[in-house]
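Participant: Quick note on numbering: the working numbering labels position 369 of the sequence shown as 369, and the sequence is numbered without any gaps. For each residue, glycine too, the CB sits at the ideal point set by N, CA and C.
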Amino acid sequence: MPRTKIVISILVALVAIGAGIFLWVRQGRAAIGSLNIYTGSVTVLQGEAGVVVGATGMKVQVGDVLKTGPSSRISVILNDGSVIRLEENSEAEVSVMAYRGNKIGEALFKLHYGNLWSDVQPVAPSGKYQIETPAIVASIRGTNFNVSYVSGVHTVAVAQGTVGVALLSDQGNEKRLTTGSAFAIHDEALQPDFDRGPEGWSDEAASDGWTQFNVQQSGLEPYDTSPAVDETAAATSTEPVATSTAPAANSNANINTLPKNTNTNQQPTSTNTSSNTNQPTPTNSTPTPQPPAKKLISILLLPKQASVKLNGTVQLSATGRYSDNSLVTITGQVSWIQKPDIGTLSKQGLFQGTQGGQTAIQASLDGIFSNEIAITVEGAVQPPVKTITALRVSYAKQPSTGIAYGFPSSQFNAIAYYSDNSNEDVTQQTTWSVVTGTAQGSITGSGSYTPHTQGIDTVRAEFNGLQTDTQIQAP
1 MPRTKIVISI LVALVAIGAG IFLWVRQGRA AIGSLNIYTG SVTVLQGEAG VVVGATGMKV
61 QVGDVLKTGP SSRISVILND GSVIRLEENS EAEVSVMAYR GNKIGEALFK LHYGNLWSDV
121 QPVAPSGKYQ IETPAIVASI RGTNFNVSYV SGVHTVAVAQ GTVGVALLSD QGNEKRLTTG
181 SAFAIHDEAL QPDFDRGPEG WSDEAASDGW TQFNVQQSGL EPYDTSPAVD ETAAATSTEP
241 VATSTAPAAN SNANINTLPK NTNTNQQPTS TNTSSNTNQP TPTNSTPTPQ PPAKKLISIL
301 LLPKQASVKL NGTVQLSATG RYSDNSLVTI TGQVSWIQKP DIGTLSKQGL FQGTQGGQTA
361 IQASLDGIFS NEIAITVEGA VQPPVKTITA LRVSYAKQPS TGIAYGFPSS QFNAIAYYSD
421 NSNEDVTQQT TWSVVTGTAQ GSITGSGSYT PHTQGIDTVR AEFNGLQTDT QIQAP
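(1) Considering just the uninterrupted stretch of the alpha helix (DSSP H) at residue 430, what are its terminal residues?
(2) Pick helix, strand or coil for residue 62, following the three-state DSSP scheme.
(3) Note the first and the last residue of the continuous alpha helix (DSSP H) segment covering residue 320.
(4) By alpha-carbon positions, which one of 311, 322 and 300 ends up nearest to residue 293?
(5) Does the beta-carbon distance from residue 373 to residue 315 come in below 8 Å?
(6) How big is the Cα-Cα spacing for residue 458 and residue 309?
(7) What is the rounded straight-line gap between the Cα of residue 258 and the Cα of residue 324?
(8) Classify residue 420 as helix, strand or coil using the three-state DSSP reduction.
(9) Out of 82, 213, 140 and 396, point me to the one whose CA is closest to residue 412's CA.
(10) Check whether the region 59-72 and the region 338-350 are in contact - that is, three or more C-beta pairs closer than 8 Å.
(11) Please state whether DSSP places residue 345 in a helix, a strand or coil.
(12) Do the CB positions of residue 343 and residue 354 come within less than 8 Å of each other?
(13) Indicate the three-state DSSP secondary structure (helix, strand or coil) for residue 123 in the structure shown.
(14) Using the Cβ count rule (16 or more neighbours within 10 Å means buried), how would you classify residue 487?
(15) Give me whichever residues DSSP pairs with residue 139 in a beta bridge.
(16) With DSSP collapsed to three states, give me the class of residue 359.
(17) Output needed for residue 95: all residues of its chain with C-beta closer than 6 Å, excluding positions within five of it in sequence on either side, in chain order.
(18) Whose CA, out of 425, 463, 408 and 132, lies closest to the CA of residue 448?
(19) With distance defined between alpha-carbon atoms, name the residue in 138, 113, 78 and 152 nearest to residue 119.
(20) Looking at C-alpha atoms only, which residue of 126, 123, 151 and 176 is the closest neighbour of residue 134?
(21) In the DSSP assignment, what residue or residues form a beta bridge with residue 425?
(22) Based on the DSSP secondary-structure assignment, which residues constitute the bridge partners of residue 350?
(23) Which residue comes first and which comes last in the alpha helix (DSSP H) that contains residue 209?
(24) Considering residue 191, what are the terminal residues of the alpha helix (DSSP H) in which it resides?
(25) Decide if residue 60 is buried, meaning its Cβ has at least 16 other Cβ atoms within 10 Å, or exposed.
(26) Return helix, strand or coil for residue 47, following the three-state DSSP convention.
(27) So, is residue 125 buried or exposed, given that buried needs 16 or more other C-beta atoms within 10 angstroms?
(28) Of the choices 370, 34 and 428, whose alpha-carbon is the least far from that of residue 215?
(29) Is residue 457 helix, strand or coil by DSSP?
(30) Tell me the DSSP secondary structure of residue 187 in three-state form.
(31) Output the distance between the C-alpha atoms of residue 189 and residue 375, rounded to the nearest integer angstrom.
(32) Measure the Cβ-Cβ separation of residue 460 and residue 426 and say whether it is below 8 Å.
(33) Can you tell me whether residue 178 is buried or exposed? The criterion is at least 16 other CB atoms within 10 Å of its CB, across all chains shown.
(34) In this structure, does DSSP put residue 310 in helix, strand or coil?
(35) How about residue 124: is its Cβ closer than 7 Å to a heavy atom in the ligand NAP?
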């Protein structure tokens, strides 16, 4: 099933534009992904915990309110590998985010103002992913689309696929927009504008800097608004006419479009009036201009998401699409960007996870940036804590000692048993004492017991919170 991508940009002009972007937190907080900061700064309102300064790698939770300031761009890498991006001076609210297995079951983002762009993995069967502005709701139908709210005007523009759009006041009445369509809905004329329906998407919207940035980040086919096409057309229209009467000025005007050997038009007239009458008339003295060099227009980075164990590896591949529509593997030519650093990345795109966590990786070449991929490194599995389960004490009489009192000494030994089924001799680490008895014996720190008279003593062994009492009779 192809990956579903949603491009949602919500532009809302408010008087307090210098505020930033927020995502509200509710009860039952759960992490939905991790934060990545491209540039600038972001603050996070974490419910009752208050406002904290965001940092790359920080966990984002259900309801967190993210707030970006001027000249700031951030993204949140969701747990399923989806990515949402937020532009400067924007505010949004994560109202609902629930997963079914490893897919989104239900998601609702409320955009108060600003820009939100979503690059979303396919949702679970019957799942839904929605974006709300103060007046409309846009629902995923497997698409890339842009939503804006600027100066009281709500605009939805579809770059690819289908989007369902409805007024919040009448969500049962939905219009579906398809590729290349858009419509604007004004606050003062919500119903009439909605009834009017969609129209075309303007070149201005397609070539907007925020749109182009996210097109590259998401690995989409760029909108053909660059001057490359115009340059090709210009080269064709200015191709010089191959005649022997072409003015020298025209030849000079086109010198940059010709091969290096283009100075034949600058030769004296006498060279064209050679006495060799067998030579053909130089009617094609100007070489045909070379087509413009092909340009890199997009980079697709794969896989779009991956999970590896600690010290595990995954091979990344970068494919470049050029202006002649050719596809070229450029993995070894690109520069790699990883935020945060949780692994090593070779020039040839081999990633190895060195610490647990989640990272966003991009590739760039000639000023073109690839889509952003999410890699999760599973943290090291901690071995279970070894705990002591038993302390067993034994002793052996040593008749050759204790002659002064007329009784033999005894050597006590202690063995500790652990939860991992191991054991060890801890005689020297055990605390020994004679706690009661009639033999009036004594015991050393190494477990050597000597009775002083005939009778019975109780010897106590203590180690790591466990104690064992053992009775010994003398003689």
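Facilitator: In short, the structure shows the following:
(1) Taken as a continuous stretch (DSSP letters only), residue 430 belongs to no alpha helix (DSSP H), as it is neither H nor E.
(2) coil
(3) Element bounds for residue 320: not the alpha helix (DSSP H) but the beta strand (DSSP E), 317-322.
(4) 322
(5) no
(6) 54 Å
(7) Since pLDDT at residue 258 reaches only 29, below the 50 mark, its modelled position is unreliable, and the value read off the structure follows with that caveat. Spanning the two alpha carbons is a distance of roughly 20 Å.
(8) coil
(9) 396
(10) no
(11) strand
(12) yes
(13) coil
(14) Any answer about residue 487 is impossible in this case: the structure gives the chain only from 1 up to 475.
(15) 130 and 164
(16) strand
(17) 108 and 110
(18) 408
(19) 78
(20) 151
(21) 415
(22) 315
(23) 209-217
(24) 190-196
(25) buried
(26) helix
(27) exposed
(28) 370
(29) strand
(30) helix
(31) 45 Å
(32) no
(33) exposed
(34) coil
(35) What this structure holds is no ligand at all, so the ligand NAP is not there to describe.
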